[in-house]
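Colleague:
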Amino acid sequence: MFWFNWVLNSLVFLLVFNFTPIINWYHTRTWEWRNPYFSLLLPLGLALVLTVVDSLRLYFVYQVLILVIAAGALYWLFGFLNRPRR
24 MFWFNWVLNS LVFLLVFNFT PIINWYHTRT WEWRNPYFSL LLPLGLALVL
74 TVVDSLRLYF VYQVLILVIA AGALYWLFGF LNRPRR
């Protein structure tokens with residue numbers, strides 16, 4: 024799944040860097056990364072960073088979801104819902 028997400032993110036960055044107004048800045052820049060080799064490397068690197076951050080976010084959401092479910096189960100298990108109210 025990680026590789027699939029990386030490929031899709033790479034396609035998005037390649038399209039953005041080659042078929043949008045960003046292309047004017049990207050191809051006419053004067054810094055040392057003007058090499059055409061980096062025209063492919065930079066979008067792939069950005070896609071890799073986005074994919075890693077996205078996967079970490081998903082794992083964080085899964086951990087929070089598991090924590091909420093576990094807390095609810097413990098709350099129910101100890102009978103706090105059935106305790107008489109004063």
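Numbering (the working numbering), first residue to last: 24 to 109.
Every residue gets a Cβ at the ideal spot worked out from N, C-alpha and C, and that includes glycine.
1) When you compare the segment 64 to 78 with the segment 92 to 99, are there three or more beta-carbon pairs, one atom per stretch, that lie closer than 8 Å?
2) So, are the CB atoms of T74 and F42 less than 8 Å apart?
3) Please give the ranges of any beta strand (DSSP E) in the segment 67 to 101, keeping only runs that are unbroken, at least 3 residues long and fully inside the region.
Modeller: Taking the geometry as given:
1) no
2) no
3) none
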